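One gets the numbering used here by counting positions in the sequence shown from 1 and adding 17 to each. Cβ coordinates follow ideal geometry from the N, Cα and C atoms, glycine included. For clarity, every value in this text was computed on a predicted model and none was experimentally measured. Reviewing the structure listed below.
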Amino acid sequence: MDATAFGCVKGGYVLPGFFSFRAVVLLMALFVCLQSACRANQIWEFVDKDGVTHIGNVPPSANSRALIWLNRVPPASELKSKERGVSALQLPGYDDAKLHLEEAAAAQSLDPAFVIAVAAAESAFNVRAVSRKGALGLMQVMPATAERYGVAARPSSGGEHAAMEPKVNAQIGTRYLADLLRMFDGDKELALAAYNAGEGAVIKYGRRIPPYPETQQYVEKVMRFYRGLLR
Numbered sequence: 018m019d020a021t022a023f024g025c026v027k028g029g030y031v032l033p034g035f036f037s038f039r040a041v042v043l044l045m046a047l048f049v050c051l052q053s054a055c056r057a058n059q060i061w062e063f064v065d066k067d068g069v070t071h072i073g074n075v076p077p078s079a080n081s082r083a084l085i086w087l088n089r090v091p092p093a094s095e096l097k098s099k100e101r102g103v104s105a106l107q108l109p110g111y112d113d114a115k116l117h118l119e120e121a122a123a124a125q126s127l128d129p130a131f132v133i134a135v136a137a138a139e140s141a142f143n144v145r146a147v148s149r150k151g152a153l154g155l156m157q158v159m160p161a162t163a164e165r166y167g168v169a170a171r172p173s174s175g176g177e178h179a180a181m182e183p184k185v186n187a188q189i190g191t192r193y194l195a196d197l198l199r200m201f202d203g204d205k206e207l208a209l210a211a212y213n214a215g216e217g218a219v220i221k222y223g224r225r226i227p228p229y230p231e232t233q234q235y236v237e238k239v240m241r242f243y244r245g246l247l248r
């Protein structure tokens with residue numbers, strides 16, 4: 018039996034005449050361990066039908082519905098030598114969101130490519146996206162952040178928050194991003210870390226990216242989109 022049948026194992030073979038029940042159990046255990054080790058080095062990200070971005074080392078079920086696959090996130094050591102993943106320009110909704118994001122960026126004197134990269138990472142340009150934590154719309158603005166910039170929930174028959182409007186959402190997210198860039202002396206990566214984890218977390222860790230896997234992966238993802246847009 019060719020041992021390549023066991024996923025990551027390469028080379029070698031097992032003679033059928035020496036196959037025993039115990040050997041089968043041991044080989045199956047080895048198979049599971051090796052498969053886990055292989056997956057540990059592969060981080061996948063995808064956007065589900067509700068516009069929520071998921072990041073993890075286990076790909077979603079093939080039965081999952083309405084998935085927008087983004088890419089396998091390479092380790093940080095690979096990012097400088099090999100850029101992977103789709104361009105922000107290839108994501109559904111880009112054309113519709115582009116004008117709102119560019120106008121909001123211009124109003125805050127920000128690089129539009131940077132703002133677009135944030136929106137790509139936050140919602141994949143899904144203006145209807147609502148996260149489990151309650152982040153809203155194109156730039157995944159939290160209701161508390163919206164209120165900070167004077168946009169409160171708007172009573173309506175549908176009960177929809179005013180920040181769900183793409184233009185308003187882009188304005189709030191971009192104003193917050195501009196404030197974070199000023200707070201961290203123009204350091205894009207620190208501003209991104211604060212956008213994801215909160216400015217308090219960045220300050221707590223000595224004005225460095227907090228040691229949170231989600232935040233570190235988020236910063237890498239946005240910067241990857243940003244570099245792609247600058248090409």
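Pairing G245 with K205, the inter-Cα distance amounts to about 16 Å.
Three or more Cβ pairs closer than 8 Å define a contact, and the region 161-168 meets that threshold against the region 177-196. By the 16-neighbour rule on beta-carbons within 10 angstroms, K238 is buried.
Straight-line measurement puts the Cα of F142 at about 15 Å from the Cα of Y243. Annotation for E182: no alpha helix (DSSP H) segment contains it, and DSSP assigns it neither H nor E. Counting other Cβ atoms within 10 Å of its Cβ, A134 reaches 16 or more and is therefore classed as buried. When beta bridges are read from the DSSP output, L153 appears opposite V147, V158. The beta carbons of E119 and P109 sit about 18 Å from each other, so the pair does not count as a contact at 8 Å. With contacts defined by Cβ atoms closer than 8 Å, V158 and A180 form a contacting pair. D196 is the residue among G151, A122, D202, D196 whose C-alpha sits nearest the C-alpha of Y212. The Cβ-Cβ distance between L127 and L194 falls below 8 Å. Here I226 carries a coil assignment [DSSP, helix/strand/coil].
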